[in-house]
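A.B. asks: Before anything else, here's the structure in question.
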Amino acid sequence: MTYQEFYAHIDCRFPYHDTAAWQQLIAQSLEIGGDAPFLVLHEICRLPTSVTLNLEQHLAMYAYWKVAFSHPMQDIVEPRIIPVCSSKQLVCC
39 MTYQEFYAHI DCRFPYHDTA AWQQLIAQSL EIGGDAPFLV LHEICRLPTS
89 VTLNLEQHLA MYAYWKVAFS HPMQDIVEPR IIPVCSSKQL VCC
């Protein structure tokens, strides 16, 4: 799968309530490389208005992503992850 295909596959279609599926998407993003893992992080943070997650579930996704993907940018984005997940600042239509 190309980067563009991956983006189209997950954009506003992230399987928030299917743990095996979102874990597979994280693994797939690592295989694609580049900033594909950050596409997944964006989807993790940007819940559609139709999706409800408690903070624990939301942060569990982020924690899994963080362990799976080691990158220097994590130090930059991590301070914003918990506030964004807590406040739902990034919302998809």
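The sequence shown finishes on residue 131 if you use the numbering used here, and the numbering steps up by one all the way, no holes.
Every residue, glycine too, gets a C-beta built ideally from N, C-alpha and C.
How should P110 be labelled, buried or exposed, when 16 other C-beta atoms within 10 angstroms of its C-beta is the threshold for buried?
C.D. replies: The residue is exposed, with fewer than 16 neighbouring Cβ atoms inside 10 Å.
A.B. asks: Classify L68 as helix, strand or coil using the three-state DSSP reduction.
C.D. replies: Helix, per DSSP.
A.B. asks: Alpha carbons only, please: which of P53, P86, Q61, Y54 is nearest the one belonging to W103?
C.D. replies: Among P53, P86, Q61, Y54, the Cα nearest to that of W103 belongs to Q61.
A.B. asks: Put P86 into one of helix, strand or coil per three-state DSSP.
C.D. replies: It is a strand residue.
A.B. asks: Are the Cβ atoms of I119 and M99 separated by less than 8 Å?
C.D. replies: Not a contact, by the Cβ cut-off of 8 Å.
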